[in-house]
Amino acid sequence: MTQPVSVPGNWRERFAGGQLHLPRYARHAPHLCVLLKAVDGKPEVEAWDQRTGGRRQVTDQPGGTGRYAIDPAGRWVWWFADPGRTGRGHWRRELFRGGDQEAVGSHGRPAGLALGTGEFALGVYRDGATHVTFRSWRPGHEREAAADFAGDRQVEQLSADGTLLAVTDVGLFGPLRPDLRVLDTATGSVLAGLPAGSDTVLRPLGFAPEPGDSRLLVLSEEDDGHRLLLWDPWTGALREMRHRLSGDLRAEWLPDGSGALLCHSWQGRDELYTLRFETGALERVPHDPGQIRDATARPGGDVEYLWSCAQQPPRVLSTRRGSLYGGTGRPRGAAVEDVWTDGPGGPVHTLLSSPSLASRSAPPPTLFLMHGGPAAHECDAYDPYVSAWVEHGYRVARVNYRGSTGYGRAWRDAARGDVGHTELADVAAVRAHLVEQGLVDGKRTLIGGGSWGGYLALLALGIQSDRWTAGFAVAPVADFGLAYEEETDRLRALDRSLFGGSPQEVPERYRRASARAYAASVRAPVLLISGAHDPRCPPAQIDAYARELRGAGGYLEHRQYDGGHEERRLATVLDRVETQIGFALRHCPA
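The sequence shown runs -12 to 577 under the working numbering.
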């Protein structure tokens, strides 16, 4: 393997300390919380008593920790233990004040965790079924039960009194459109349900915070927008809370149950609002433009949120107390410019970041960076990865092509008719527009990305071979048909929903979308980075693409690391970034 090129600069400093995180609070002990902190270059759970200032590290896993929670009483800290970094393991818990750790439930892939004051429910997926464990120690309601669900079930939410459990089940329309069901925890039977539809996505956001109030806040994504619903599974009453916001929504209950805190994502930026259920009043929470990666409503009307923009590092802010922590010790990020292009399916939004000395008379080489997902989007946020490329002399174009979230339901679903090709038609239109404007040198353009973005990069290198000087893909899908044979049942259901059937039922759709089918047409050098234990984008189908490309005489560098789909270890992240930029400097130098 050719060694990465090391370039001086402070780009690594932007990654220092790992990602900043918002605390997760105990509902009934709001001074107790857990959050992720960087320990030896990986995220680990820390328990924090904000009243006393006491803090202690709870977890220590080889690949860091990603799934964690604190129960409403602040008694237990929970996390998913994955020591082998394969996506499989156990749910574990430990007392907030410390003590022995306890493994709970079965071994397998995590399928949700719901915590109550006197009960918990958790799910683990294994061998084609979801194993759900429920335990209650409330006086008079002590119960322990375990059951297998023959399919893909996600444990979602417990009601405040522990009598109801919301779950989502993958049904006819796949994991992106699961059916919503509410179970009676006393019997385990289904009390009520809201089925998904071909044009409806249902997401349970939480039961009302007061015991005895059985209303469930539900987000219903429909063709005409995101609707907020209050549903009482006991009575069947369903009430829509109108908000008049056009983009994607996240929401949670206000602590007093009077309304909800909304995070609205629209055209690459986020906004916070409070919505009062009784009056319907929608009030903007003041903050600067940028990304709100996380937010939570606190007792007394305060809102804490994790904010950043392209040039300013992340900070945790309070609407009442100002800046709480973060925002210092890191260099400023690369600025971002909004560019709109007339695309084949409507206006396409691109976020453009450029080296400070870039000029239109001599544009620098440009990286078209494809986002993952597919249900995701690029936004005005602090991004050490983008800034690293800019510092090395590259312009970075991040295209929110059809299939991206944050631009309405129709835009997100528009890519389903011709997977991969629709997205890349938008990328081609943006590239042509930027070349015409003198912002991009058409002879020096790269394409790359990770996961779904890596898939699009490989596909582009094959079907648009005359447009790209070089390209890279991290943990991509290269052959949908081969991936289907090895991937999880949830991803198989996703594939069936994307393509309208299995590879046996619609083989031509899978072949047309797969980058491997066009490997012989690739003319540019390719870098592949993959995980040896990746359950989402299995290594065998990546190896098959590599053989196909090399067999056709293509140039390939393939680097496989010992890990799964996600990488949380800072040293490995930095190594991968340097590998990618070093590859670009050799084949499309700045």
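The beta-carbon is built from N, C-alpha and C at its ideal position, and this holds for glycine as well.
Tell me which residues share the same chain as residue i and place their Cβ nearer than 7 Å to its Cβ, disregarding the 5 neighbours each side in the sequence.
| i | result |
| --- | --- |
| residue 75 | 69, 94, 95, 96 |
| residue 482 | 467, 471 |
| residue 62 | 82, 83 |
| residue 72 | 49, 50, 520, 550, 551 |
| residue 510 | 452 |
| residue 115 | 476 |
| residue 536 | 506, 509, 513, 543 |
| residue 98 | 110, 111, 112, 117, 140, 141, 142 |
Given that a residue counts as buried once 16 or more other Cβ atoms are within 10 Å of its Cβ, and exposed if not, what is residue i?
| i | result |
| --- | --- |
| residue 581 | With the chain covering -12 to 577 only, the question about residue 581 has no answer from this structure. |
| residue 558 | exposed |
| residue 225 | exposed |
| residue 349 | exposed |
| residue 231 | exposed |
| residue 351 | buried |
| residue 35 | buried |
| residue 378 | buried |
| residue 173 | exposed |
| residue -12 | Unreliable positioning characterises residue -12 in this predicted model, as indicated by a pLDDT of 43, which lies under 50. A coordinate reading is not provided. |
| residue 213 | buried |
| residue 117 | buried |
| residue 367 | buried |
| residue 126 | exposed |
Please classify residue i: does DSSP put it in a helix, a strand, or coil?
| i | result |
| --- | --- |
| residue 48 | coil |
| residue 194 | strand |
| residue 576 | coil |
| residue 30 | strand |
| residue 141 | strand |
| residue 94 | strand |
| residue 317 | coil |
| residue 88 | coil |
| residue 462 | coil |
| residue 402 | helix |
| residue 605 | Nothing can be reported for residue 605, as the shown portion of the chain is limited to -12 through 577. |
| residue 530 | helix |
| residue 467 | helix |
| residue 169 | strand |
| residue -9 | Confidence at residue -9 is low in this model, with a pLDDT of 47, below 50, so the placement of that residue should be treated as unreliable; the coordinate-derived value is given next. Here residue -9 sits in coil by DSSP. |
| residue 559 | helix |
| residue 264 | coil |
If you drop the 5 nearest sequence neighbours on each side, which residues of the same chain put their C-beta closer than 6 Å to that of residue i?
| i | result |
| --- | --- |
| residue 339 | 324, 326, 384 |
| residue 417 | 328, 335, 337, 386 |
| residue 575 | 352, 431, 433, 456, 457 |
| residue 252 | 234, 235, 393 |
In terms of residues, what are the limits of the alpha helix (DSSP H) holding residue i?
| i | result |
| --- | --- |
| residue 456 | Counting along the chain, residue 456 falls outside any alpha helix (DSSP H), and DSSP gives it neither H nor E. |
| residue 371 | 371 to 378 |
| residue 408 | 408 to 423 |
| residue 486 | 476 to 486 |
| residue 440 | 439 to 450 |
Spatial neighbours of residue i within its chain, please: CB distance less than 8 Å, with the 5 preceding and 5 following residues excluded, ordered by chain position.
| i | result |
| --- | --- |
| residue 532 | 445, 465, 466, 502, 503, 506, 515 |
| residue 486 | 406, 467, 493, 496, 497, 500 |
| residue 560 | 2, 554 |
Hey, could you find the ends of the beta strand (DSSP E) residue i is sitting in?
| i | result |
| --- | --- |
| residue 544 | 543 to 548 |
| residue 134 | 130 to 136 |
| residue 494 | Unbroken run through residue 494 is the alpha helix (DSSP H), 494 to 500; no beta strand (DSSP E). |
| residue 334 | 333 to 340 |
| residue 243 | From DSSP, residue 243 is part of no beta strand (DSSP E); its letter is neither H nor E. |
| residue 578 | Missing from the structure shown is residue 578; the chain here goes from -12 to 577 and no further. |
| residue 106 | 106 to 113 |
Give a yes or no on contact between the stretch 359 to 371 and the stretch 434 to 446, applying the rule of three or more CB pairs nearer than 8 Å.
yes
Below 8 Å, can you find three or more Cβ-Cβ pairs linking the stretch 264 to 274 to the stretch 363 to 374?
no
So does the stretch 415 to 434 actually touch the stretch 447 to 465, counting three or more Cβ pairs closer than 8 Å?
yes
How about the stretch 290 to 301 and the stretch 310 to 324: do they share at least three Cβ pairs that are nearer than 8 Å?
yes
Taking 8 Å as the cut-off, does the stretch 103 to 116 touch the stretch 46 to 64 (at least 3 CB pairs, one atom from each stretch)?
yes
For the 8 Å Cβ check, are there 3 or more pairs between the stretch 38 to 49 and the stretch 3 to 12?
no
So does the stretch 183 to 200 actually touch the stretch 232 to 250, counting three or more Cβ pairs closer than 8 Å?
yes
Do three or more CB pairs link the stretch 270 to 286 to the stretch 295 to 302 at distances below 8 Å?
yes
Please confirm if the stretch 487 to 494 is in contact with the stretch 128 to 142, defined as three or more CB-CB distances below 8 Å between the two stretches.
no
Are at least three pairs of beta-carbons, each pair with one atom in the stretch 176 to 194 and one in the stretch 141 to 155, less than 8 Å apart?
yes
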